[in-house]
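My numbering applies: residue 1 is where the first sequence begins, and numbers increase by one. Each residue gets a CB set at the ideal place from its N, CA and C atoms; glycine is no exception. Structure record follows, encoded as structure tokens.
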Amino acid sequence: MADYNKDEIKRIEGKWREEWKKRDVYRVENQSDKPKYYVLDMFPYPSGAGLHVGHPLGYIASDIVSRYKRLKGFNVLHPMGFDAFGLPAEQYAIDHGIHPAVSTAANIKTFKDQLSKIGFSYDWSREVQTCDPSYYRWTQWIFLQIFDSWFNRKKGKAERITELISVFEKEGNKNHPFPNTKYAVPLSGSTEFSPSEWNSFDDRTRQEILMQYRLAYLAYTDVNWCEALGTVLANDEVINGVSYRGGYPVVKRQMRQWSLRITEYAERLLTGLDVIDFSDSMKEIQRNWIGKSVGARITFEVKSEKGQHKLTVFTTRPDTIFGVDFMVLAPEHELVKEITSTKQQGDVDAYLKYVESRSEIDRMAEVKKITGAFTGSYAINPFNGREVPVWISEYVLAGYGTGAIMAVPCGDERDHKFAKHFNLPITNIIGDHYNGTEANPTKDAILQNSDFINGMVMHKAIDVVIAKLEENGLGKSQVNYKMRDAGWSRQRYWGEPFPVVYKDDMPYAMDETELPLELPESNNFKPSGSGEGPLANLKDWVNFSAGKRRDSNTMPTHAGAAWYFLRYTDPHNDKAFADKKALDYWGQVDVYVGGSEHAVAHLLYARLWVKILHDLGYLNFDEPFKKLINQGKITGDSRFVYRVRGTNKFVSSGLKESFDTDPLHVDVKIVSGHELDIQAFKRWKPDFADAEFILEDGKYICGAAVEKMSKSYFNVVNPDDIIENYGADTLRMYEMFLGPLELSKPWNTHGIDGVYKFLRRFWNLAHDNNGNLNVSNEEPTREELKVLHRTLKKIEYDIDHFSFNTSVSEFMICSNELSSLKCNKRAIIEPLVIALAPFAPHIAEELWSELGKTDTIFNASFPAYDEQYLKENSFEYPISINGKVRAKMNFALDMPKEDIEKIVLASEAVIKWTEGKAPKKIIVVPGRIVNLVI
RNA sequence: GCCGAAGUGGUGAAAUUGGUAGACACGCACGUUUCAGGGGCGUGUGGCGCAAGCUGUGCGGGUUCGAGUCCCGCCUUCGGCACCA
């Protein structure tokens, strides 16, 4: 027994870490009489750099929640694992010749060592690693279920391919047309076939047709090809049209690749957002990504030298149909070569050549540049027969809608600029709302020059026009989504191999019993150069048998992460991805804590996989995460010294303007606040051993900047160092105290003393000067009970609202008050120790055991607060007029009776006088009467 | 440009949802402790003012007995998307 100092903290924390492990207190069972609660962290990618203080932020929050829920009587699942496939390990292997499996295992060990010191309550027996064959066996298995499914649009859900086949046998595909006509190529001409046609197709044709429907399918899709790196890059490795690494140009190139048909789930992914508890911004990011727009498809006739053609456009504004002054096609549009007139051929060819010459970078850099060419043909407005010219231009994207638009210059800014640039006439259909120099996209104008919708308000005319289009067979209402299908092939080594075998170039699912298809051993991680991944180098593996071939691509890291939360429920199962009973028992994740950077990719894929597995009957829920909390990033607080150019002289920040200087990052460890420790600086690097300094007021003051934590900025704060000096409990509480969880904030170790002092004071409440336990069994006073119950209530409220910074404050207030009351009563201390346990488990457990408890504090129950102690300082007084309560007043207990009477009379008068406009509630506090005016 | 979030002391931030703005903590100042010290404890600390007092939550209006909180219009910062018809 000693003071709560550095050595004692080490002893306590070490002791309990051991003890908890020995007693296996974190193990969770899959059945219980208690209600379940599932608290999940986004599992980390184990990078080589180890943890910095930013990483544990979310983990601490989720740990507090899970410990609290456990104290509240829930059976809590709180697992951890590793997203262990991925590019950095592969890149490291290329650079250092160390196999990804080796470096990944080493990194995982480092992570676990660091995590274990922070006192997390993970059930490590449930750990998963996505690169483990016993795990990715089931990633591959789920992939095969997706491959074996199609989306029945009539029912809005996924079904087995066998059901589609029986539909084809009975009725052909007339009720289930190809989902994506872009890829519907196996049939010559028509995209519709009858049952008898289906039955006459050979197996190869059938497979190709089925491929068009599968939720995991092969197709020629664009990839980002980087010639300089000789490899394909993922979208997030391409920044503004150049490679993330090296900044080399990137071009689009077609390759046969796997995709997931996530677009079929666009609507469900969108409506699902309404029933889950994500932040507004997170939902908004997903909504934007899905990008739903409602409008109509309208078909125009086009007259050209070669004859009549149909041109279909998508528009969200069918009400502007009479303002159409021209049409624009994407340069890639298939109709371009059909309708280009002889006279315009030169212009069009020149333009197509120009478009082709432009790289992605050029396009992005010059978005505002207006270019285009006239095709020489005219389209006919289906309502009034007006002929308008058809142009081509880059600003119309081939990949969205139909790749063609009807241009309404008075209402659309881009169309307007285009019209002005090429001197095309502009029809005004919105009267005064159009000023002749700028388009106005309003929906509230009264329509003019608009035939049968003249005089109508625009937003009301939309449905009228659609009805008329459908009536005349000229178009129909249509919903469009920006979201594209998800590319699922990566030309990489360190990922899950696709569990398929190609025969005659068609992929067939491997048998379930043959899984996992293990990643073959290799020491060659370099891309094959042909655009294929490193696995293509392993010829024996790829062409493993005559006439049979394996896929040389691997899945993206999103694959393993799309379902890991399901595996935690039953991580050692080798008969299924998880037992149905376990899945049903744990159900949805109640709280998911992680960074907002996964807003689109990971969260959408996880939601997609769960929806598919739900449709196929494996899950009884179709949203994985009930509630999502995005913890903010913790940034680094960098420090700079200023070296006078060409010298070894360093000038203090305030004086640097008088010199020509270069800023250099300096290790934050040798700076106290902003003052540099000059001796430590001289020792830091040999170059600085005889550095000279120009000081201000005898000090060297450093410059500062908030940046991402990075080794190269020397601003990384390692949690191990904090734990070494203050202990894990202080680290945990301080990270929470720093500010609201969702906020990003720079790390600053300065305030940590406050939290440390609190823990010491709390410790001292129950200990005498010699460090011996000193609690009394006296009955607590009303005042002490008030402090206790107010604290318990506040802590409950705060944890339920994920407001951990205020709970830490509340503990401080509580301990300050108890200190000044000199309260060391067991009846007060004991419940507070339980309340503190989620935040500072080590010290709580130690106090708990000192108080004579033999069982771990985890199995205690969170003390309930009692309202009766909280209402004591004020009372409520109803104010009645004619026997009806019209307002309530709260009076402080110590308010003199005469004053209360005066106020009540005055209030009644006010309420009568103002006829009910008076306040419902008036707070009256000592020394002040709030706004009583007669 | 569009969408989302947010602007409160020297600093991190509270404000139980419309009711004493700045809790709690850092920092700072003063005091104290047989205190060598950057340690412990205590007091003070939004600004102006000796004071009573005045003023104060990005800016300008509004609603209300009462606004950090609600409404309208701006400004700034941070995130997301970016020719999506």
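Hey, how far is the Cα of residue i from the Cα of residue j?
i	j	result
Pro507	Val500	6 Å
His572	Leu40	18 Å
Phe811	Val787	10 Å
Ile634	Pro527	36 Å
Asp570	Trp609	18 Å
Gly431	Gly346	39 Å
Val102	Tyr395	49 Å
His665	Gly54	20 Å
His416	Cys410	6 Å
Pro88	Asp729	33 Å
Phe577	Trp141	8 Å
Gly473	Ile298	9 Å
Gly617	Phe143	15 Å
Trp150	Leu215	5 Å
Thr856	Asp63	17 Å
Ile392	Tyr481	23 Å
Val294	Val76	43 Å
Ile795	Tyr68	10 Å
Gly587	Ile118	28 Å
Lys155	Pro195	21 Å
Asn931	Tyr713	Residue placement at Asn931 cannot be trusted, given a pLDDT of 44 that sits under 50; what the coordinates show is reported in the next sentence. Cα-Cα distance, rounded: 56 Å.
Ile799	Lys72	12 Å
Ile446	Arg386	21 Å
Who are the Cβ neighbours of residue i in its own chain at under 7 Å, not counting the five residues just before and after it?
i	result
Lys611	Tyr265, Arg268 and Asp622
Arg790	Leu870
Asn774	Ala766, His767, Asp768 and Asn824
Leu566	Phe577, Ala578 and Leu583
Ala601	His558
Whose C-beta lies closer than 8 Å to the C-beta of residue i among residues of the same chain, with five residues either side of it excluded?
i	result
Phe300	Lys310, Leu311, Thr312, Val313, Met327, Ala379, Ile380, Asn381, Pro382 and Met406
Pro740	Gly632, Ser803 and Asn805
Ser341	Ser304, Glu305, Thr375, Gly376 and Ser377
Determine which residues share a DSSP beta bridge with residue i and list them.
i	result
Ile701	Glu675
Cys823	Cys823 is not bridged to any residue.
Phe300	Leu311
His767	Leu773
Thr221	Met255
Asn968	With the chain covering 1 to 934 only, the question about residue 968 has no answer from this structure.
Arg160	Ser149
His665	Phe640
Tell me whether residue i is buried or exposed, calling it buried when 16 or more other Cβ atoms sit within 10 Å of its Cβ.
i	result
Arg639	buried
Tyr354	exposed
His96	exposed
Gly58	buried
Lys548	exposed
Tyr220	exposed
Ala228	exposed
Gln254	exposed
Thr130	buried
Thr513	exposed
Tyr248	exposed
Glu779	exposed
Ala467	exposed
Ser357	exposed
Can you name, in chain order, every residue of its own chain whose Cβ lies under 6 Å from the Cβ of residue i, other than the five neighbours on each side?
i	result
Asn440	His433 and Tyr434
Phe625	Val589 and Tyr592
Lys443	Met458 and His459
Kindly give me the distance between the Cβ atoms of residue i and residue j, rounded to whole angstroms, as I take these residues to be in contact under 8 Å.
i	j	result
His598	Met42	7 Å
Leu676	Tyr642	Actually they do not touch by this definition, with Cβ atoms about 11 Å apart.
Asp690	Asn648	7 Å
Val717	Val755	So it is not a contact: roughly 15 Å between Cβ atoms.
Asp325	Pro425	6 Å
Asn449	Asn428	7 Å
Taking 8 Å as the cut-off, is the C-beta of residue i nearer than that to any heavy atom in the ligand MN?
i	result
Leu741	Inclusion of the ligand MN in the displayed structure is not the case, the ligand content being empty and no account of it being possible.
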